[in-house]
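**Q** When the letters of the sequence shown are read in order and numbered with the working numbering, they come out as residues 275 to 710.
Below is a structure I'd like to ask you about.
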Amino acid sequence: MADLTKFREKVVPIWKSNGLFFFCLFSLYVGQGISYGPICLFHFVLPIYVLNEVLKGIQWRKLITSESIPFHLLYLIIFGISLFHPLNFKYLYFYGLSYGIFCTLWLKRSFIVDNYKLIALFMGLLIGTDLIIASLEFLTPFRYPISRISEYNHLFGRNFNMFASQSYCFDVNYVQSSPTGFHWNQNNLAFVFLMAFPFSILLKNAFFKNALRMIMIVLIVSTGSRLGFYAVTSIFILQIIIEFTKKEWYLLLPSLTIAFILSDGFYYFPTGMKKVKEVALISDSVFTDRFPEHCYEKKNSQESRSALLSKGKQLFFNNPIIGYGAGGFTHEIELMNEGIENEADSLVTNAHNFILELLVDFGLLVALPLFLLILRIFQKLRRNKISELLLIFGLGIAMLSGTVMVSSLVYFIPFYLFLFLTYNVLSDDNGNLSLE
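See the structure below:
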């Protein structure tokens, strides 16, 4: 009871006095999870928040610091190069939106650094809500209504029904057991959990921390994201380095979960689940699905990604310095598809590789601010504790994996939220990612 009173006295007043800021964080986290068609909650909340800050008075000079230069340079290159190519306003809008989010959070930097623990708690509550929704989607018939798998998404301005045709090329049970949470797509949800996973190392309660890890691992597998599972396994192995010496026996919860999945039920007790077999190193489960013949005329996911990678490398070497401008990769794929007679040979237009997409769109010039950004992060890491060092390396693994997991990070607002909030704290001399 004393802890609850202390919580109310310390936390609630700050949340109330900065309610619009936290509401802004909420709207950015849920993204298209609260929307009607292309109009999302953050389209209203973000401008209102910015206007409110302007009316209170903004010290614009705070935008330009040595730590913020890499991001300013990155977006200067993005917009500058795009001016030399046919403008793709859709892509420029998303780059502009992400830059606006960066500037908005950077101007709030001192507040974010001083109140990092409260912001981390708030983000934890959002992730916890996502975990609950995802668990219900995985274990029950419940489906978040604004989801690509929901039969009710048309009520929210979405003209998408993946079950409309009876000749679909997927296992219905496989898809229906795939959670999406707030984030429309299964891979998007897996990426959000993957970005959140490294922060578990900061939690003090051993049981809660490892039970949370176990749930995240299971839900990432339930999305069908193979890369997501291997990435979260790698991050957990890093975390064991520091926690194993503490003799936290609750580490067995996620450890045995990973071992169970990698061996498909320790081999002798096969789960009979396709998603487990897809990531298992050894498995005795057998599946013999047969889809309509037209399904085998199309490229599967791996073939499509390989073709996109090959085309992307070709485009990059054709124009390696300044690229094709924002959306150039997508535009070139669209042009290529127009010249293909057999529709089965066409490719999806999203790159499914954000690093390659950046190189194709903006050439080698985009590598300079990214190098400066990584350099700044490593300069800060030298002064951090081992737990924070592992957190950043884990987050690096997560974000690098996300560049391939998600069709394009250009659109994915939660990615920018995690990146900018973390960098705000990490780059400040007084910043501390620890929850102590």
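Ideal Cβ placement from N, Cα and C applies to all residues, glycine included.
(1) Could you check the C-alpha separation between residue 562 and residue 540 for me, to the nearest Å?
(2) Mapping the DSSP letters down to three states, classify residue 358 as helix, strand or coil.
(3) Between which residues of its own chain and residue 601 is the CB-CB distance below 6 Å, once the five residues before and five after are set aside?
(4) Only counting runs of 4 or more residues, tell me where the alpha helix (DSSP H) segments fall wholly within the segment 331–378, in order along the chain.
(5) To the nearest angstrom, report how far apart residue 671 and residue 612 are at their CA atoms.
(6) Does the segment 527–541 come close enough to the segment 479–489 to have 3 or more Cβ pairs within less than 8 Å?
(7) Within the chosen definition, does the segment 514–522 reach the segment 542–558 through at least 3 CB pairs nearer than 8 Å?
(8) CB-CB under 7 Å to residue 297, same chain, minus the five flanking residues each way: which ones, in chain order?
(9) Looking only at its own chain, which residues have a Cβ that is under 6 Å from the Cβ of residue 694, when we skip the five neighbours before and after it?
(10) Relative to the C-alpha of residue 740, which residue among 576, 606, 652 and 667 is closest?
(11) Kindly confirm or deny that the segment 446–461 and the segment 325–333 touch, where touching means at least three C-beta pairs closer than 8 Å.
(12) When DSSP labels each residue in this structure, what does residue 499 get in the three-state scheme?
(13) Tell me residue 313's beta-bridge partners as DSSP assigns them.
(14) Please classify residue 691 as buried or exposed, where buried requires at least 16 neighbouring CB atoms within 10 angstroms.
(15) Please work out which residues of its chain come closer than 7 Å, Cβ to Cβ, to residue 508, disregarding the five sequence neighbours upstream and downstream, and give them in chain order.
(16) Can residue 682 and residue 628 be called in contact, C-beta distance under 8 Å?
(17) Closest to residue 290 by C-alpha separation, out of 393, 308, 357 and 313, would be which residue?
(18) By Cβ distance, which residues of its chain are closer than 8 Å to residue 665, with the 5 residues on each side in sequence left out?
(19) Could you pull out every residue in the same chain whose Cβ sits closer than 7 Å to the Cβ of residue 626, ignoring the five residues on either side in sequence?
(20) So is residue 577 buried or exposed if we call it buried at 16+ other beta carbons inside 10 Å?
(21) Determine, using beta carbons only, whether residue 634 and residue 597 come nearer to each other than 8 Å.
(22) Quick check on residue 462: buried or exposed, where buried means 16 or more other Cβ atoms within 10 Å of its Cβ?
(23) Can you give, in chain order, each stretch of the alpha helix (DSSP H) that sits fully within the segment 594–647 and has at least 4 residues?
(24) With C-beta atoms as the reference, is residue 347 less than 8 Å away from residue 643?
(25) Express the C-alpha separation of residue 705 and residue 652 in angstroms, rounding to a whole number.
(26) Quick one, which of 457, 430 and 480 has its alpha-carbon nearest residue 497's?
(27) Can the beta-carbon of residue 434 be found closer than 8 Å to that of residue 427?
(28) Note down, in chain order, each residue of its chain lying with its Cβ closer than 8 Å to the Cβ of residue 685, except the 5 sequence neighbours on either side.
(29) Does the Cβ of residue 689 have 16 or more other Cβ atoms within 10 Å, making it buried, or fewer, making it exposed?
(30) Hey, could you find the ends of the alpha helix (DSSP H) residue 673 is sitting in?
(31) In or out: residue 659 buried (at least 16 other Cβ within 10 Å) or exposed?
(32) How should residue 515 be labelled, buried or exposed, when 16 other C-beta atoms within 10 angstroms of its C-beta is the threshold for buried?
(33) Short of 7 Å in beta carbon distance, which residues of its chain neighbour residue 412, apart from the five on each side in sequence? Order them along the chain.
(34) Keeping to the same chain, check which residues put their C-beta closer than 6 Å to that of residue 430; ignore five residues upstream and five downstream.
(35) Sorted by chain position, which residues of the same chain lie with C-beta nearer than 7 Å to residue 667's C-beta, five sequence neighbours on each side aside?
(36) Could you please give me the residues that DSSP links to residue 537 through a beta bridge?
**A** Well, looking at it:
(1) 22 Å
(2) In this structure, residue 358 counts as coil in the three-state DSSP scheme.
(3) The residues are 362 and 365.
(4) Whole alpha helix (DSSP H) segments, 4+ residues: 343–356.
(5) 36 Å
(6) yes
(7) no
(8) 319
(9) 376 and 379
(10) Lying outside 275 to 710, the shown extent of the chain, residue 740 is not represented and no answer is given.
(11) Contact between the segment 446–461 and the segment 325–333 is absent, because fewer than three Cβ pairs lie under 8 Å.
(12) coil
(13) 310
(14) Answer is buried; the Cβ neighbour count reaches 16.
(15) 671
(16) yes
(17) 393
(18) 472, 473, 475, 476 and 707
(19) 579, 582, 678 and 681
(20) Residue 577 counts as exposed, since fewer than 16 other C-beta atoms from the protein chains shown sit within 10 angstroms of its C-beta.
(21) yes
(22) Residue 462 should be labelled buried.
(23) Segments of the alpha helix (DSSP H) lying fully in the segment 594–647: 602–612 and 628–636.
(24) yes
(25) 14 Å
(26) Nearest of 457, 430 and 480 to residue 497, Cα basis: 457.
(27) In contact: residue 434 and residue 427 (Cβ atoms closer than 8 Å).
(28) 368
(29) buried
(30) That run of the alpha helix (DSSP H) goes 660–679.
(31) exposed
(32) exposed
(33) Answer for residue 412: 451, 453, 493 and 496, listed in chain order.
(34) 310 and 420
(35) 512
(36) Answer by DSSP bridge pairing: none, since residue 537 is not bridged.
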